[in-house]
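Beneath this line is the structure, given in structure tokens, with notes to follow.
Chains as they are written, first to last, in the numbering used here: chain A, 1 to 323; chain B, 324 to 838.
Here it is, written out as structure tokens:
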């Protein structure tokens, strides 16, 4: 198992390097650079101004040299300096990390927990009204654009009912502490987390249901039934456990993207997460910041893929690691 | 000695009913800021949101009335020599920086040197300055190489913010730690910035104008989605939506909400004017008749009434009607598709493809691009829309890789500061934005703009600008669209927010809350 992990780590580093190099050039293919953006925003530009900016950001150097400087920085865990925000990239990402993880992990927990629960229920009562209701609902949440659900939720729960705050991470200026603060953040979290969670919940529901119905038809389930085991035990021990593998795969991929944030949800609810940071960096051609977010989220995807592979073994002991 | 003495008297402000009320002290106001500023050090970052927030932290030597007359700022009075070459400013006594150090003429001298390195617009504005001297702690004397009419108009906070010498001298400006916690002389002090959430300013208890500011705190809320900003106002979570905060089509609805007050004032200094760059290097657009045809083909009243919901004014030429030396006595271009078709025929246009670059500033601009495309197609032009984001668009424009491109620019109150740069031959320079990117060149226009900038009297200046506006309106180097209006929407309980020609950018100095 150790050699399996070592192999995967080495492969992971190579993949990460490839991602960095590819993204480095891809970003620069887009027209406009940070100097153009900042000259545009300043409402005035002359040759000295643009040249100064390019020199300041090192954009006047040959591309391979810029890449080398960047990779060297990454090797020493330095993600570089944000051109536009004039702050270290690592600091900017770290500032957004708590809010991002709070949102994405909550949404992840909601989607995975409820998704599996509804999937199991739909499979258990396949063909009944409950199954149809869950399937249709899942389809609706799967197909409806996130931003639309978000806007309708704001309209319902903020504008009309006035139950929940419509934007932000906390009530600014309220100065809450302790439990009061936690409740305040919780109230702000409800709509974005639910909105983001619904889409993935629908995915997990559909996948769990389909996978369970497939496993239910297999011979060992019939054997268990013939042995006289109770339905609940068969469902839990034999069907669900075997049906979970594709769900774990999906959850692994999903978990890897959590650090990258959720641009749409964060934008509509003004949630100060990494998704927005990344979007702003893209619009502003803030190369280092954008690459920094890519590096961190790519690394997380690689790590969670590895974790997923390890979890397979726990779910299904028959799986062995090829070394 | 005959001197034009412009003493620091408050002129032309015209007290409104709200201002006449007795201001109340205290309270917190929540305003929207969009997009999130990249930094708050005004001497180094000059984008719109930075100016709006930091204009309350930093100050300039002067402020400007809605009629663009100079008002006292950090300078309490000023004189101009008869030959219009020496400007002497008397600084206000007892002004301190937020860290308690006194503000003196040495700070002014330092600021000017720093701005020449870090502030492109200030550098251009100061090009006529021969020397700056500080005979004593409270006097600053600018000597110009030759008279420069708009010089008295370059001292507002965004154009020339004062920087604390004791915190910046001898440091690397880019990495100076004060960039993240700016220290100014303004009515509000920087307190906290939670990136992606809010910026908090608190009252400067030692502000040099006794009794001001009235508010205790101002929070700038960062809400990236336009619809969510409207909801935040609707649900009472924010009190101020500065111009441009919400989509234009949402303005009428939000303006009618109970307790909402709207004003178009506060943009006089900036006077945003929109137009379409017409690349004069393109053989088709090089023909004046084609450019005139485009002016006749565009239904600008429709754009104003439908796309901009009645806000704004149809532009008549290169100057907005709100800036100095505007002239209405120019050739006009009412919507006349038949005339446009005739002109295109005369010009020999045969349906060759023209690339159009809309402005990627959101829904309203996208709709405008579509409407103009329709207008031009209606008169027989073949238009291909090029989709791009803002940096991509800017890159194309500065590399002259476009045929028609939407834009809007600030005019900074005077043709010499914000208009001539778009039409004079010396401002044709590839790789730059906001200059003469259309490539128009007319020696007569160059001469008149130079005369207008350096003429010793306003009458002489007006003469030159009247002529140049006529010539440009006839030549149509670019297709002028609308004088834009970005209404500021506030809760009516927020009083006296807009009192000068630079609007919200220094507005919280006088604002108070009617609790």
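Note that the Cβ used here is the ideal one computed from N, Cα and C, for glycine as well.
Is there a Cβ of chain B sitting closer than 8 Å to that of residue i, yes or no?
i	result
residue 305 (chain A)	no
residue 176 (chain A)	no
residue 56 (chain A)	yes
residue 158 (chain A)	yes
residue 323 (chain A)	Bear in mind that a pLDDT of 48 at residue 323 (chain A), under 50, signals an unreliable position, so the model cannot answer this.
residue 3 (chain A)	no
residue 292 (chain A)	no
residue 172 (chain A)	yes
residue 276 (chain A)	yes
residue 168 (chain A)	yes
residue 130 (chain A)	no
residue 8 (chain A)	no
residue 117 (chain A)	no
residue 249 (chain A)	no
Based on Cα-Cα distance, which residue from the options lies nearest to residue i?
i	options	result
residue 291 (chain A)	A:270, A:260 and A:162	A:260
residue 743 (chain B)	B:698, B:431, B:714 and B:795	B:795
residue 637 (chain B)	B:732, B:598 and B:527	B:598
residue 236 (chain A)	A:120, A:110, A:107 and A:286	A:120
residue 48 (chain A)	B:438, B:748 and B:464	B:438
residue 276 (chain A)	B:518, B:557 and B:650	B:518
residue 545 (chain B)	B:720, B:555 and B:809	B:555
residue 80 (chain A)	A:249, A:293 and A:316	A:293
residue 23 (chain A)	A:315, A:286, A:318 and A:211	A:286
residue 708 (chain B)	B:717, B:702, B:728 and B:715	B:728
residue 463 (chain B)	B:511, B:480, B:414 and B:477	B:414
residue 726 (chain B)	B:421, B:676 and B:475	B:676
residue 763 (chain B)	B:771, B:746 and B:777	B:746
residue 113 (chain A)	A:247, A:211, A:300 and A:171	A:247
residue 30 (chain A)	B:720, B:805, B:836 and B:711	B:711
residue 594 (chain B)	B:448, B:455, B:770 and B:566	B:566
Using a Cβ cut-off of 8 Å (strictly closer), state whether residue i contacts chain A.
i	result
residue 357 (chain B)	no
residue 668 (chain B)	no
residue 721 (chain B)	yes
residue 578 (chain B)	no
residue 517 (chain B)	yes
residue 539 (chain B)	no
residue 450 (chain B)	no
residue 338 (chain B)	Any reading at residue 338 (chain B) must be qualified, since the residue scores a pLDDT of 38, below 50, and its modelled position is unreliable; the value itself is stated next. By this cut-off, residue 338 (chain B) is not an interface position.
residue 550 (chain B)	yes
residue 396 (chain B)	no
residue 361 (chain B)	yes
residue 826 (chain B)	no
Against residue i, what residues of chain A qualify as contacts under a CB-to-CB distance less than 7 Å, listed in chain order?
i	result
residue 718 (chain B)	31, 32 and 36
residue 545 (chain B)	270
Along chain A, which residues have their Cβ under 9 Å away from the Cβ of residue i?
i	result
residue 497 (chain B)	56 and 86
residue 714 (chain B)	30, 31, 32, 33, 34, 36, 37, 40, 283, 284 and 285
residue 554 (chain B)	151, 154, 155, 158, 159, 166 and 167
residue 351 (chain B)	173
residue 379 (chain B)	What residue 379 (chain B) touches in chain A: nothing, since even the nearest Cβ is about 17 Å away.
Listing by chain order, which chain B residues have their CB less than 8 Å from the CB of residue i?
i	result
residue 50 (chain A)	754 and 755
residue 196 (chain A)	Result: empty, since nearest Cβ-Cβ is about 15 Å, beyond 8 Å.
residue 96 (chain A)	518 and 519
Quick one: using the 10 Å Cβ neighbour count with 16 as the cut-off for buried, is residue i buried or exposed?
i	result
residue 141 (chain A)	buried
residue 324 (chain B)	Because residue 324 (chain B) sits at a pLDDT of 35, beneath the cut-off of 50, its placement in the model cannot be relied upon, and the point is left open.
residue 700 (chain B)	exposed
residue 529 (chain B)	exposed
residue 405 (chain B)	exposed
residue 697 (chain B)	exposed
residue 421 (chain B)	buried
residue 334 (chain B)	Since pLDDT at residue 334 (chain B) reaches only 37, below the 50 mark, its modelled position is unreliable, and no value is offered.
Output, in chain order, the set of chain B residues within a Cβ distance shorter than 9 Å of residue i.
i	result
residue 69 (chain A)	In chain order: nothing, as chain B lies at least about 17 Å away.
residue 92 (chain A)	518
Using a Cβ cut-off of 8 Å (strictly closer), state whether residue i contacts chain E.
i	result
residue 208 (chain A)	Among the chains of the structure shown, chain E does not appear; the protein chains present are A and B.
Please compile the residues from chain B whose C-beta is within a distance smaller than 7 Å of the C-beta of residue i.
i	result
residue 267 (chain A)	547 and 548
Residue ranges of each beta strand (DSSP E) within the stretch 462 to 540 of chain B, 3 or longer: The stretch 462 to 540 of chain B contains these whole beta strand (DSSP E) runs: 462 to 467, 511 to 517 and 521 to 526.
Just to confirm the assignment: which complete beta strand (DSSP E) runs, minimum length 3, are found wholly within the stretch 678 to 740 of chain B? The stretch 678 to 740 of chain B is shown to contain whole beta strand (DSSP E) runs of 3 or more residues at 705 to 708 and 727 to 732, in chain order.
Could you tell me which uninterrupted beta strand (DSSP E) segments, each at least 3 residues in length, are contained entirely in the stretch 233 to 265 of chain A, listed from first to last along the chain? Listed in chain order, there is nothing to give.
At 4 residues or longer, and completely inside the stretch 81 to 162 of chain A: list those alpha helix (DSSP H) runs for me, N to C. Runs of the alpha helix (DSSP H) inside the stretch 81 to 162 of chain A: 89 to 124, 129 to 143 and 146 to 154.
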